[in-house]
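In the working numbering, the protein residues as written are 593 to 907.
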Amino acid sequence: MPIDYQRGTTSCLGECLGGFALVASSISLTDAHKLSFAGMVGANSFLEQVLVHDLSLGLQTDTPLWIAECNSVVLETRKPQLAQEGLSVCLGFPVFYGQSLQSIVNWVGSSADSAIGVVELWESRGPYRDLQLIAGHYGCLERFQNVSSFVRFEPGYGLPGQAAESGVAIVHDDLPNHPGFLRAAGASAGELQTAIGLPIFDPNFVAVTVLISSRTTPMARWIEVWVPQKQGFVMQQMAICGMLDEQHNLPAQEAEVSRVGLLGEVAAGHRAMVTCDTHQLCRERRELGFSVAESCLAVPTYRGEDLKSITLFWL
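Shown next as structure tokens:
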């Protein structure tokens, strides 16, 4: 399914949440907040807010058409409606379980000059199915934008190519020195530190969304990628995005947890979640001595009905 990020309504957030709905021209940012669970990412993050609309129980009679017809990934930048809210970028993508639309995840980014961050969409095109940049938000990072516009990634290479081929969310940290991040020179110049590639399926491959942040304006406090196993989940990747004090005890790679708690809730419901009830949902995690933050966004990645990974953004 091709990405169409130019077609629009008068509501940027409505389009990001609703894809290519035939209505939504009167939906505002305020309306979208009322229809979603909202959690603040952080005062110093370039991503100011994350919204999740839960459709796991099916469409309700009052579900707006622009929600019901979401079927792709939308990235909006620098539109007047965003500027009025002090925002510069709006990214929305669906979470499918098989053929069923379960959730819509939406990130909204700050327009402040100090908010250093990147949002990209990469799609497989051409006879060799290379990953090509379809749309992007770079703010003041003109050099990194220029480099990115000419780059192509073969499947399995670079962050977008790795995410597309594996079907698993991929995290790269310490970008200027990361051997797998092929745009390291541009990242160093732009003070970029952490990147994550989230593959999107419907259930076929649609695109890879890439989020990149600096240490000074991180997208989250830290990120974890967990993959399922028979008895629970094992942590495959982790990156610290912001500054953490010495009291934080984060899971080591290959750490294991059961299917009780937040990860189990996401897997059982086949949907994305954002919660401020981390102490209740992460009781086992705390018993193991692992740190939790006040709130968390959990995004599952499914290829068809096969759960590939769950990404936790600790906010």
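The C-beta atom is built at its ideal place from N, Cα and C for all residues, glycine as well.
Predicted model, so just to flag it, every value in this text is computed and none were measured.
Exposure label - asparagine 796; buried when at least 16 CB within 10 Å: Burial call: exposed.
Beta-bridge pairing of alanine 546 - partner residues as DSSP gives them: The requested residue 546 does not occur in the structure, where the chain is confined to residues 593 to 907.
Uninterrupted beta strand (DSSP E) stretches inside the region 825-854 (no shorter than 3 residues): For the region 825-854, whole beta strand (DSSP E) runs of length 3 or above, ordered along the chain, are 848-850.
Distance, valine 687 Cα to leucine 693 Cα: Each residue's CA atom was taken as its position, placing leucine 693 and valine 687 some 6 Å apart.
Length of the line joining the Cα atoms of glycine 759 and lysine 900: Their backbone Cα atoms lie some 6 Å apart in a straight line.
The region 861-875 touching the region 798-811, judged by at least three CB pairs closer than 8 Å: No, the region 861-875 is not in contact with the region 798-811.
Separation of valine 710 from glutamine 754, as counted between CA atoms: Cα to Cα, the separation comes out at about 18 Å.
Proximity below 8 Å, CB of glycine 701 to CB of glutamate 640: A contact, by the Cβ cut-off of 8 Å.
Glycine 772, buried or exposed, once every other Cβ within 10 Å from all chains shown has been counted against 16: Note on glycine 772: under 16 other CB atoms within 10 angstroms of its CB, so exposed under the neighbour-count rule.
Cβ-based burial, methionine 835 [other Cβ within 10 Å; buried from 16]: Methionine 835 should be labelled exposed.
C-alpha gap between leucine 621 and phenylalanine 685, whole angstroms: In this prediction, leucine 621 has a pLDDT of 36, which is less than 50 and means its spatial position is unreliable; nothing more can be read from the coordinates.
Endpoints, beta strand (DSSP E) assigned at glycine 728: Looking at the DSSP string, the run of the beta strand (DSSP E) that includes glycine 728 is 722-729.
Where the alpha helix (DSSP H) through histidine 645 begins and ends: For histidine 645, there is no enclosing alpha helix (DSSP H); the enclosing beta strand (DSSP E) covers residues 639-646.
Host alpha helix (DSSP H) of asparagine 636 (start-end): Segment: none, asparagine 636 is in no alpha helix (DSSP H) and carries neither H nor E.
Integer Cβ distance of leucine 842 from alanine 890, believed to fall under 8 Å: The Cβ separation is near 16 Å, so there is no contact.
Within the region 685-715, ranges of the beta strand (DSSP E) (whole runs, at least 3 residues): Restricted to the region 685-715, the beta strand (DSSP E) segments that are unbroken, complete and at least 3 residues in length are 692-702, listed in chain order.
Strand pairing of threonine 786, partner residues [DSSP]: Per DSSP, the beta-bridge partners of threonine 786 are Ser805.
Reduced DSSP category for proline 747 - H, G, I as helix; E, B as strand; rest coil: Correct three-state label for proline 747: coil.
Spatially closest choice to glutamine 823 from Trp714, Glu848, Ser805 and Arg813, by CA coordinates: Closest by C-alpha distance to glutamine 823, out of Trp714, Glu848, Ser805 and Arg813, is Glu848.
Where the beta strand (DSSP E) through leucine 549 begins and ends: The question about residue 549 has no answer, for the chain in this structure spans 593 to 907.
Cβ pair leucine 647, asparagine 698 closer than 8 Å: One thing to note: leucine 647 has its Cβ no nearer than 8 Å to the Cβ of asparagine 698.
For serine 883, the three-state DSSP class (helix, strand or coil): In the structure shown, serine 883 sits in coil (DSSP, three-state: anything other than H, G, I, E or B).
For alanine 585, the nearest candidate out of Gln691, Gln829 and Glu886 (CA to CA): Here the chain comprises residues numbered 593 to 907, so residue 585 is not present and cannot be evaluated.
CA-to-CA distance, alanine 831 to phenylalanine 882, given in whole angstroms: In this structure, the alpha-carbon of phenylalanine 882 lies about 15 Å from that of alanine 831.
CA-to-CA distance, glycine 690 to glutamate 661, given in whole angstroms: Confidence at glutamate 661 is low in this model, with a pLDDT of 49, below 50, so its placement is unreliable and the value that follows should be read with caution. Taking the straight line joining both Cα atoms gives about 16 Å.
Cβ distance (whole Å) where histidine 729 is taken to contact serine 680 below 8 Å: About 7 Å separates the two Cβ atoms, so the contact holds.
Straight-line Cα distance separating valine 817 from arginine 807: For arginine 807 and valine 817, the distance between alpha carbons rounds to 19 Å.
The beta strand (DSSP E) enclosing valine 817, as first and last residue numbers: Per DSSP, the continuous beta strand (DSSP E) segment holding valine 817 begins and ends at 814-821.
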